[in-house]
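Trainee: Here you go, one structure.
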Amino acid sequence: MTGRPQTMREVRLRLFRRVLEHCEAGTTDLAPDVMRIDPATYFNQAYFERETRKLFRETPLLVCLSPDLPEPGAFRLFEDTGVPIFVTRGKDGKVRAFLNVCAHRGGRVVREATGTSNRFTCRYHGWTYNADGDVIGVPSEPFFCGKLGPNDHLTPCPAEERHGMIFVLANPEGEIDLDAHLGDFAEEMERLDFARSEPVMEQKFQSSSNWKFAMDTYLESYHLTSLHRDTFAHVFEANLFVLDMFGPHYRFTFPHKGLGKWIGRPEDEWPIDAMPITYFLYPNTIIAVGSVSANGSSFTTHRLFPTSVGEMYANVRMYAINGVQSPEHLAQMQASFDTIKGAALDEDYAVTGESWPGIRELPQGSRFLLGRHEIGVQSFHRNIAQAMQGLTGDKTGG
Ligand code: FES
Ligand SMILES: [Fe+2]
């Protein structure tokens, strides 16, 4: 097999082959060197404000997957960046995003988290908009206005639907360029066939810590043996990590334990579909495919958002890869979700929350160490530092 993989099966076969090579040799993917980072990148308020603008206002963000807006009229709030936005699918099937701000005098137009409607009415004075964001009703119009001008409608925000994913730029004055943003990661996303999935459950996980400090926990398997000793440590290999980069995005796997038994066995017998694969979609999203479900039949998206320099939450959604197959399947997904929730809240987010007050007190010049096997964490911080370079006043990082 040479060249780029064409199918998910090929991706999985290649990954499995690399996993087995590492198993046999007792090795893992490694970064060239240990990396040191300035803890101030987590707690410096001025840096945080520039970073938030760059990463959450000037970078396309995943709002949801296509099946979350299944039909014309389906809408969903997207207010996680602090910019109130809603997305909706029009009669033409196209997804559009608008500032959730009434053109009349700023009322919040959409107030339900999600739903289906072909018109949106502001409750303040009752102006009504269609899915194109155009005003279609002004109460007492003869007394109010002559004629509305082209800017007297909802303010659009850049939005695009691609590969079964819905992206928004939380900045009405910006432009979205998904080709530039995704690069060849687009092929990876396309292969996952998100359009066929079915959303099943959703929850917010919160932690009193910086959002990047929480994101770090997703990007390495080093902590499994210690922090997750009672949950994941007996399931996954902590010291075998395989990672591929696609610009600032990447794909990685830390496989189930005991795969060594497949060394030397024919490839068509390998349990490639059960191998968990995780995607990091820069700057804030984890897509974990089949990580805890017994047969790889579900995946979760974790979208991390800061609410302040020291407060964050993850919006976690679980989807059935090809839809929910049976009540048993649903029960299995619920159990998987509970496992994820338990580990995230009681272990990952608990450790980030309890550590946070100390980190803020570190003196200038302190450095944290990212090991050669913490290659995903290294890449995350390196890519953010790179994005922040050249922004005025940046005195942290590196
Ligand atoms: S502010 Fe919305 S109708 Fe007046
Ligand atoms: Fe963890």
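Take the position in the sequence shown, starting the count at 1, then add 1; the result is the number in our numbering.
Just so you know, even glycine gets a beta-carbon here, dropped at the ideal spot from N, CA and C.
Bear in mind that the values here come from a model prediction, so they are computed numbers and not experimental data.
Which residues in the same chain as GLY108 place their Cβ atom closer than 7 Å to its Cβ, once the five residues preceding and following it in sequence are excluded?
Mentor: CYS123, ARG124, TYR125
Trainee: I want to check one thing, is the minimum distance from the CB of ASP349 to the heavy atoms of ligand 2 below 7 Å?
Mentor: yes
Trainee: So for THR122, helix, strand or coil by DSSP?
Mentor: strand
Trainee: Measuring alpha carbon to alpha carbon, tell me which of THR129, LEU78, PRO85 ends up nearest GLY116.
Mentor: LEU78
Trainee: Run through DSSP, which three-state label would ARG112 get?
Mentor: In this structure, ARG112 counts as coil in the three-state DSSP scheme.
Trainee: Of all the options HIS164, LEU149, PHE87, LEU220, which has the alpha carbon lying nearest to the alpha carbon of PRO424?
Mentor: There is no way to answer for residue 424, as the model of the chain reaches only from 2 to 399.
Trainee: Should TRP128 be listed as close to ligand 1, given that the test is whether its C-beta is under 7 Å from any heavy atom?
Mentor: Checking every heavy atom of ligand 1 against the Cβ of TRP128, one is found closer than 7 Å.
Trainee: According to DSSP, GLY324 sits in a beta bridge with which residue or residues?
Mentor: ILE322
Trainee: When the Cα atoms are used, what is the spatial distance from HIS257 to LEU241?
Mentor: 10 Å
Trainee: Name the residue from GLU312, GLN204, PHE99, PRO200 whose alpha carbon lies nearest to the alpha carbon of GLY165.
Mentor: PRO200
Trainee: Taking the continuous beta strand (DSSP E) assigned at ALA98, which residues delimit it?
Mentor: Unbroken beta strand (DSSP E) run through ALA98: 96-100.
Trainee: Assuming contact is defined by CB atoms lying nearer than 8 Å, are THR254 and VAL20 in contact in what I supplied?
Mentor: yes
Trainee: Taking the straight line between their C-alpha atoms, what separation do you get for SER222 and TRP128?
Mentor: 52 Å
Trainee: Whole angstroms is fine: what's the gap from GLY147's alpha carbon to PRO284's?
Mentor: 46 Å
Trainee: ALA160: which of ARG58, ALA41, ALA32 sits nearest, CA to CA?
Mentor: ARG58
Trainee: In whole angstroms, what separates the C-alpha of LEU14 from that of ILE273?
Mentor: 6 Å
Trainee: Does the segment 229-244 come close enough to the segment 359-372 that 3 or more CB-CB pairs lie under 8 Å?
Mentor: Taking one beta carbon from each stretch, the segment 359-372 and the segment 229-244 have fewer than 3 pairs nearer than 8 Å; the two do not touch.
Trainee: By the three-class DSSP mapping on this structure, what secondary structure does ARG192 have?
Mentor: helix
Trainee: Report yes if the C-beta distance between ALA315 and HIS330 is below 8 Å; otherwise report no.
Mentor: Judged by beta-carbon spacing, HIS330 lies beyond the 8 Å limit of ALA315, meaning their Cβ atoms are not closer than that value.
Trainee: Can you tell me whether THR60 is buried or exposed? The criterion is at least 16 other CB atoms within 10 Å of its CB, across all chains shown.
Mentor: buried
Trainee: Whether or not the segment 187-194 and the segment 207-227 are in contact is what I'm after, with contact meaning three or more pairs of Cβ atoms, one per stretch, closer than 8 Å; do they touch?
Mentor: no
Trainee: I'd like to know whether the C-beta atoms of PHE186 and HIS229 end up nearer to each other than 8 Å.
Mentor: In this structure, the beta-carbon distance from PHE186 to HIS229 does not fall below 8 Å.
Trainee: Determine the extent of the alpha helix (DSSP H) in which ASN384 is found, giving its start and end residues.
Mentor: Run containing ASN384: 376-389, per the alpha helix (DSSP H) assignment.
Trainee: Grab the span of the beta strand (DSSP E) containing GLN7 for me, first residue to last.
Mentor: Here GLN7 belongs to no beta strand (DSSP E), and DSSP marks it neither H nor E.
Trainee: Suppose only complete runs of 3+ residues qualify. What are the beta strand (DSSP E) ranges in the segment 306-368, listed by chain order?
Mentor: 312-321
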